[in-house]
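When we follow the UniProt record's numbering, the leftmost residue of the sequence shown carries the number 1, and every step to the right adds one.
The next block holds one structure in the form of structure tokens; read it before the comments.
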Amino acid sequence: MSTDKFDNVPRIVLEKEDRDSFQRTRAAQKTKPEPPPEAAPPAKSSGGLIFLVLLVALGGYGASYWLYTEQQKTVKQLTDAGERIYELERKISATGEELDQSAVALRVQVNELKDKTDVLWQEMDKLWASAWRRNQTEIKELQTQTNNEFRTQKSTLTAMQSDISDSNTNMAVIQEQVNQQLAKAQEINSSLEAVVKQRAASEQQIRDMGDQVATVALRIEALIERIDELESLKQEVSNIKSQTSASRTQPQPVNTGGTPASTQTGTPAG
């Protein structure tokens with residue numbers, strides 16, 4: 001910073017009220033409340049919304065960085081002004097009218113710097129307020145979309161839970177029916193086993209009856225053979241009787257020699 005034009009100016013000392021005014025101005029600038037931080041947008045499952053939120057956040061960060069850069073420039077200007085004031089105090093002597101003129105000139109420069117600083121702060125406030133309002137609108141829209149999607153997801157989840165509950169109930173009913181069918185199947189299996197055993201017993205009885213029938217058949221055949229034999233014997237007896245009857249009824253031959261037949265045979269037949 002060039003200060004050659006002040007080399008021949010006597011050294012000056014600022015008045016107490018000027019120092020107090022400058023310090024109050026700097027303190028007010030340092031203690032000025034920061035704007036509220038931008039609310040973080042709610043998480044969104046959609047890629048487009050996430051990109052939009054990131055774009056808005058990056059825009060806010062860019063504006064914040066620009067504001068921070070401007071603030072740093074202002075601080076540097078204030079620092080340079082302080083150094084300039086210090087240099088002026090070192091080189092300017094506080095004497096008479098020249099002291100007053102130098103103090104007035106210095107006060108004018110300080111006021112100009114203060115005005116520039118105020119303008120910068122006003123611009124920063126305007127930019128921050130504009131970004132804040134724009135972000136608030138987008139945040140409200142995103143919040144509305146998030147709430148709508150949340151309600152939709154909640155309704156879907158409720159429906160799925162209801163379906164799962166119905167499925168569990170149906171599964172319980174089906175399980176009960178399966179258990180009943182298994183019980184019936186066991187009963188049928190027991191009945192089949194009893195029927196198989198009864199059939200085996202019936203087959204054994206049938207085999208026993210078959211053996212008995214075979215025995216009776218053999219006996220019947222033997223009786224038939226015996227009857228046939230008796231019939232044959234009866235026929236023979238009948239034939240013999242017929243022959244005997246025929247021989248008895250047959251006439252005796254006449255003896256011409258005058259001797260009775262009985263005398264020749266000695267004993268009558270029969």
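Where a beta carbon is used, it is the ideal one built from N, C-alpha and C, also for glycine.
The structure presented is a predicted model; accordingly, all values stated were derived computationally and were not measured.
- Across the set Gln205, Leu142 and Lys116, the C-alpha of Leu142 shows the shortest separation from the C-alpha of Gly48.
- By the C-beta criterion, the segment 65–78 is judged to be in contact with the segment 108–123, since at least 3 inter-stretch pairs fall below 8 Å.
- With respect to the 9 Å criterion, Leu127 and Ala63 are classified as neighbours on the basis of their beta carbons.
- If you draw a straight line from the Cα of Glu176 to the Cα of Val213, it is about 53 Å long.
- By alpha-carbon distance to Glu87, the top candidate from Leu106, Glu221 and Glu70 is Leu106.
- For the pair Gln198 and Ala185, the Cα-to-Cα distance works out to about 19 Å.
- With respect to Leu67, Met124 sits close: the two C-beta atoms are nearer than 9 Å.
- Take the alpha-carbon of Gln204 and the one of Val195: they are about 14 Å apart.
- Between Thr74 and the set Gly59, Trp121, Val104 and Phe51, the nearest pair of CA atoms involves Trp121.
- Put simply, the backbone Cα of Gln161 is about 25 Å away from that of Val178.
- A buried status is given to Val53, since no fewer than 16 other beta-carbon atoms sit within 10 Å of its beta-carbon.
- As the crow flies, the alpha-carbon of Tyr65 is around 38 Å from that of Lys91.
- Remark: C-beta atoms of Gly60 and Ala131 approach each other more closely than 9 Å.
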